[in-house]
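All letters in the sequence shown, in the order written, are residues 705 to 984 by my numbering.
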Amino acid sequence: MKPPPQTRTTPQARPIRLGPRSLLTLTLVSAVGLAALGWPLFAPPTSQVSAHSQDAPWLFAGLLVLLVAVVAATIAESGLGPKAVAMLGVLAATGAALRPLGAGTAGIEPMFFLMLLSGRVLGPGFGFVLGSLSMFASALLTGGVGPWMPFQMLAMGWFTMGAGLLPGPDRIRGHAERLMIAAYGFLAAFAYGALTNLAGWPFIHRLASNIAFDPDAGVPANLARFIAYCLATSLGWDLGRALVTVVLTLTLGPAILKALRRATRRAAFEAPVTFHDPAR
705 MKPPPQTRTT PQARPIRLGP RSLLTLTLVS AVGLAALGWP LFAPPTSQVS AHSQDAPWLF
765 AGLLVLLVAV VAATIAESGL GPKAVAMLGV LAATGAALRP LGAGTAGIEP MFFLMLLSGR
825 VLGPGFGFVL GSLSMFASAL LTGGVGPWMP FQMLAMGWFT MGAGLLPGPD RIRGHAERLM
885 IAAYGFLAAF AYGALTNLAG WPFIHRLASN IAFDPDAGVP ANLARFIAYC LATSLGWDLG
945 RALVTVVLTL TLGPAILKAL RRATRRAAFE APVTFHDPAR
């Protein structure tokens, strides 16, 4: 009697998981970024906030070192090879090329939707590096290099990393997954705008506006000023970014997710293909 035919089972591509070293380096770079963004809120009134407005180059240099550490730790712990790094470079270049498409048009930023889906597939470690490198490459491409760049890199890295931290594809698939990603993208688009606003807001002279940073005020008062500043200056842009991200995720998301997951399987990011007996 002939044995029953064996069927080939292709494993589902899952986000690359964080190991202890990857988690440690990501925590370190996030702590540095949060300190660089939020310290003026907690600085004493006697501190010279404006004296730190030229610290961005030092933050940028330290950020690049930490990004390399995240990549090295993720590759070492996950057993990834040159294909993973090549895919990271291709996605970063694609994201950088997409960013100029929305230049000068409020909220039309297709780069965010690609970062969102890529982070979902590649996981938080590679997602953080991808978002940061994409922003760096796009700044070089568009001439947007300035003291704001390291803060944009951090914010985009966190945005992309967050997509990799969403509940895994083995638990949520199909339309429910796309709705979850779109909801996250909508909220994260506003968070990105708030973080990038925070990079420059402390250096606006308090006499110029009643929504500027006041070093003599307490944290609650300055938070109220900052919220008013965001509503007055970037709400329209952030809302446009959020809506465009949602629309592109729901319309193009299925095809992009499928392509990215197929690419990760072919790049051998996952376990080898196995065979099983359908009769069992």
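Think of the CB as a built atom: it goes at the ideal place given N, C-alpha and C, for glycine as much as any other residue. All figures in this text were calculated on a predicted structure; none of them were measured in a lab.
Kindly indicate which residue of the options has the alpha-carbon position closest to the one of residue i.
i	options	result
P828	M860, A959, P786	M860
F863	K962, T949, A739	T949
R877	P906, R824, D920	R824
D942	G850, E813, V951, P906	E813
A735	L858, A963, P871, A967	L858
L964	R725, L899, A788	A788
G737	K962, A932, L899	L899
L845	R803, W743, A921	R803
Y955	G944, G872, R882	According to the sequence as given, residue 955 is Thr; it is not Tyr. T955 has its Cα closest to that of R882, out of G944, G872, R882.
A1000	V733, A739, P724, L745	In the structure as shown, the chain starts at 705 and stops at 984, and residue 1000 therefore has no counterpart that could be examined.
V769	V733, W743, A739, P786	V733
A887	R875, L870, N901, D874	L870
A946	A739, L891, K962	L891
L939	K962, N901, P919	N901
L961	L727, P724, R725, H879	H879
L927	G872, L727, W743	W743
Are the CB atoms of residue j and residue i within a distance shorter than 8 Å?
i	j	result
S821	L834	The question names Ser, yet the displayed sequence has Leu at residue 821. Not closer than 8 Å, so no.
F855	L741	yes
W852	A903	yes
T937	I885	no
A796	S838	yes
A773	T731	no
S836	M815	no
F917	P906	yes
A932	I915	yes
F817	G866	no
How many whole angstroms separate the CB atoms of residue i and residue j, which I take to be in contact at a CB cut-off of 8 Å?
i	j	result
G957	C934	Not a contact, Cβ separation roughly 28 Å.
G793	G831	In fact, because the Cβ distance is near 15 Å, the residues do not count as touching under 8 Å.
A959	M791	With 8 Å as the limit, A959 and M791 do not qualify as a contact, their Cβ atoms being about 17 Å apart.
M819	G850	Not confirmed; about 21 Å, so no contact.
For this session: Let me know the alpha helix (DSSP H) ranges lying completely inside the stretch 900-965, each 4 residues or longer, listed in chain order.
Result: Taking only runs of at least 4 residues, the alpha helix (DSSP H) segments lying wholly in the stretch 900-965 are 923-937.
Problem set entry | Segments assigned alpha helix (DSSP H), at least 4 residues, entirely inside the stretch 808-845 | Taking 4 residues as the shortest admissible run, the stretch 808-845 contains the following complete alpha helix (DSSP H) segments, listed from N- to C-terminal end: 815-826.
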